[in-house]
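Note sheet for the following structure.
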Amino acid sequence: MRKLKVKGSPSTGISPNLLLLFALVFIACSCHSPIKERGLAGESFGKIIYDTYVINRDSTDSWGDECLAGFKRKGMVDYLFNKVYKGEIIPTDYFTGEKIELNQLKTMETEGQFSRKNISKIQFEEQWVWDNEKSELAKRILSMTIAYEVYDHAGKSRGQKPIFKLIFRKI
0 MRKLKVKGSP
10 STGISPNLLL
20 LFALVFIACS
30 CHSPIKERGL
40 AGESFGKIIY
50 DTYVINRDST
60 DSWGDECLAG
70 FKRKGMVDYL
80 FNKVYKGEII
90 PTDYFTGEKI
100 ELNQLKTMET
110 EGQFSRKNIS
120 KIQFEEQWVW
130 DNEKSELAKR
140 ILSMTIAYEV
150 YDHAGKSRGQ
160 KPIFKLIFRK
170 I
């Protein structure tokens with residue numbers, strides 16, 4: 000059996016031009032997947048914003064109790080505040096988008112403008128992507144807003160007021 004001689008690298012027998020072509024095709028294919036560059040591979044469905052109550056606001060709602068039974072609200076709230084006070088996560092004003100200074104946040108908390116035990120809602124902004132490799136929906140949190148319950152003089156809830164927004168990434 001005789002070997003065919005091909006110009007190019009003596010060890011591989013592959014033409015340098017062919018190697019260059021493979022490299023260009025590889026680079027071009029990898030550049031057309033911005034989702035994959037962010038660690039998610041698949042079809043992006045954009046972003047969604049929704050609210051989640053992290054406490055059961057109705058003491059007669061047994062389903063609400065069951066839904067939150069495995070959730071450690073106090074642990075999560077304390078964890079986030081510790082990260083914020085250590086400067087590891089930057090809190091921003093929900094309405095203006097400006098950075099909230101840590102001393103301002105500490106003052107708001109110590110003077111009773113809000114109480115961690117009244118934090119009742121988190122608003123999530125997420126990117127939803129269908130992961131083709133795993134055949135499942137992948138959710139990436141872009142930001143979360145922490146809000147507390149506001150009450151009137153009679154003790155009736157008037158709704159929630161945001162304390163801060165934590166922005167993790169932008170798309």
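To convert, note that position 46 of the sequence shown is 45 in numbering that gives the first Met the number 0; the numbers rise steadily by one, no gaps. Ideal Cβ positions, reconstructed from N, Cα and C, are used throughout, including at glycine.
Straight-line gap, K82 to I88 (C-alpha atoms, nearest Å) = As a first step, residue 82 must be located in the sequence shown, where it is residue number 83. As a first step, residue 88 must be located in the sequence shown, where it is residue number 89. Near 6 Å, if we compare the C-alpha coordinates of I88 and K82.
Beta-carbon contacts of Y187 that lie in its chain and below 7 Å, excluding the five residues immediately before and after = The question about residue 187 has no answer here: the residues shown for the chain are numbered 0 through 170.
So, is the C-beta of Q103 closer than 8 Å to a C-beta in chain D?
-> Considering every chain present, this structure includes no chain D. It has just one protein chain.
Spatial neighbours of G86 within its chain, please: CB distance less than 8 Å, with the 5 preceding and 5 following residues excluded, ordered by chain position.
-> Residue numbering aside, residue 86 sits at position 87 when the sequence shown is read from its first letter. Around G86: L101.
Please determine if the segment 140-150 and the segment 61-70 are in contact, where contact requires at least 3 C-beta pairs separated by less than 8 Å.
-> no
Please classify G86: does DSSP put it in a helix, a strand, or coil?
-> Counted from its first residue, the sequence shown places residue 86 at position 87. Coil, per DSSP.
Bounding residues of the beta strand (DSSP E) (the contiguous stretch that carries E124) | Working through the sequence shown from its first residue, we reach residue 124 at position 125. 118-130 is the span of the beta strand (DSSP E), which, as asked, contains E124.
Just how far apart, CA to CA, sit S175 and S134?
-> Nothing can be reported for residue 175, as the shown portion of the chain is limited to 0 through 170.
Quick one: grab the DSSP three-state call for E65.
-> Taking the sequence shown and counting its residues from 1, one reaches residue 65 at position 66. Helix at E65.
Can you name the residues that DSSP bridges to T51?
-> If you number the sequence shown from 1, residue 51 lands on position 52. Paired residue(s): I121.
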